[in-house]
Amino acid sequence: MKKNKLFIACDSTSVKKITKIIKDSKNDKLIIGYKFGLEFLNSKNGRRYVSKLKNIITFGDYKFSDIPNTCSSAIRAIKDLNFNYLTIHISSGLETLKAAKKVSGNSKLIGVTILTSIDDKSLKEIGFNRSIKNIIYRQAKLAKKANLDGIVCSAKEIKYVKKIFKKEIITPGIRYDKKTHDQKRVLSPKQAFQNGSDWLVMGRSITKGNIKKNIQTLLNHLK
Ligand code: C5P
Numbered sequence: 673m674k675k676n677k678l679f680i681a682c683d684s685t686s687v688k689k690i691t692k693i694i695k696d697s698k699n700d701k702l703i704i705g706y707k708f709g710l711e712f713l714n715s716k717n718g719r720r721y722v723s724k725l726k727n728i729i730t731f732g733d734y735k736f737s738d739i740p741n742t743c744s745s746a747i748r749a750i751k752d753l754n755f756n757y758l759t760i761h762i763s764s765g766l767e768t769l770k771a772a773k774k775v776s777g778n779s780k781l782i783g784v785t786i787l788t789s790i791d792d793k794s795l796k797e798i799g800f801n802r803s804i805k806n807i808i809y810r811q812a813k814l815a816k817k818a819n820l821d822g823i824v825c826s827a828k829e830i831k832y833v834k835k836i837f838k839k840e841i842i843t844p845g846i847r848y849d850k851k852t853h854d855q856k857r858v859l860s861p862k863q864a865f866q867n868g869s870d871w872l873v874m875g876r877s878i879t880k881g882n883i884k885k886n887i888q889t890l891l892n893h894l895k
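Residue numbers (the working numbering): 673 to 895.
#1: Which residue's Cα is closest to the Cα of residue 678: 688, 687, 694 and 686?
#2: Within this structure, are the beta carbons of residue 893 and residue 861 separated by less than 9 Å?
#3: Enumerated in chain order, which unbroken segments of the alpha helix (DSSP H) with a length of 4 residues or greater are wholly contained in the segment 788-837?
#4: Among 776, 771, 895 and 736, which one has its Cα closest to the Cα of residue 755?
#5: For residue 721, which residues in the same chain have their Cβ closer than 6 Å to its Cβ, ignoring the five residues on either side in sequence?
#6: Roughly how many angstroms separate the alpha carbons of residue 676 and residue 895, rounded to a whole number?
#7: Report yes if the C-beta of residue 636 is less than 8 Å from at least one heavy atom of ligand 1; otherwise report no.
#8: How many Å lie between residue 888 and residue 741 at the Cα?
#9: Could you tell me whether any non-hydrogen atom of ligand 1 is closer than 8 Å to the CB of residue 795?
#10: Determine the closest residue to residue 806 out of 768, 828, 700 and 817, with distance taken between C-alpha atoms.
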């Protein structure tokens, strides 16, 4: 049977904690990748730790958002880390996306749409008057134009993205219980896969407390 795919968000500044997350989540029922974001990659020892990882699927969640020259230079600056996946905000604009794609090499370049912590109300506060769905539909078009390798969106928007974008879809904002924390556009793991997500991203619900138990809870939920 096809195995479900999960990126575990390794959000911590502690190398010890990240080592434990990787060790305790090893599992033959799921394909697991490890996502390192702003917290770990900006920590004192985070970059060095990632540079030494071998034989695991790695995701550098830098969420680049800047002018074309700065983004492409930043991507060149992390080449040595050989991430399998890298993220860039689609809101950086088509020129930036194209420039980034030119230099991303073997790393899959994944476009981040509207963050899953944003709802329609917070979007209006920023000054956007279109709905989240409408913006994400447009962002999927940009991702396609720039030939990106994947999209990050909430599992609630997969069907709009899929109308346009046929490559990998990665969905954070996943919860199997009521603890949504700061996430607003949330769906359960089962619903996310049913909607067509290729990869789930899960952080706190896996990494807080007993990691092995949390993975088992996820597997039970997916049955
Ligand atoms: O702990 P939780 O499951 O909410 O973690 C979700 C992870 O996915 C975090 O590392 C967060 O930075 C990332 N992420 C997200 N929403 C996006 C893109 C990435 O929550 N749109």
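All C-beta atoms in this analysis are idealised placements derived from N, C-alpha and C, irrespective of residue type, glycine included.
Since we're looking at a predicted model, the values are computed, not measured.
So, from the listed chains and residues:
#1: Within the sequence shown, numbered from 1, the residue matching residue 678 stands at position 6. Closest by C-alpha distance to residue 678, out of 688, 687, 694 and 686, is 694.
#2: For the purposes of this step, residue 893 is taken as residue 221 along the sequence shown, with counting starting at 1. For the purposes of this step, residue 861 is taken as residue 189 along the sequence shown, with counting starting at 1. Pairing residue 893 with residue 861 gives a Cβ-Cβ distance under 9 Å.
#3: Correct list: 792-798, 804-817 and 830-834.
#4: Along the sequence shown, read from residue 1 onward, the residue named residue 755 stands at position 83. Measuring from the Cα of residue 755, the nearest candidate turns out to be 776.
#5: Working through the sequence shown from its first residue, we reach residue 721 at position 49. Within the same chain, residue 721 has close Cβ partners 687.
#6: Within the sequence shown, residue 676 is the residue found at index 4, counting from 1. Within the sequence shown, residue 895 is the residue found at index 223, counting from 1. When rounded, the distance between both Cα atoms is 11 Å.
#7: The question about residue 636 has no answer, for the chain in this structure spans 673 to 895.
#8: Sequence index remark: in the sequence shown, residue 888 carries index 216 (1-based). Sequence index remark: in the sequence shown, residue 741 carries index 69 (1-based). Roughly 44 Å between the two C-alpha positions.
#9: Mapped onto the sequence shown, residue 795 falls at position 123. No - ligand 1 has no heavy atom lying nearer than 8 Å to the Cβ of residue 795.
#10: Position 134 of the sequence shown, counted from the start, is the residue given in the question as residue 806. Among 768, 828, 700 and 817, the Cα nearest to that of residue 806 belongs to 828.
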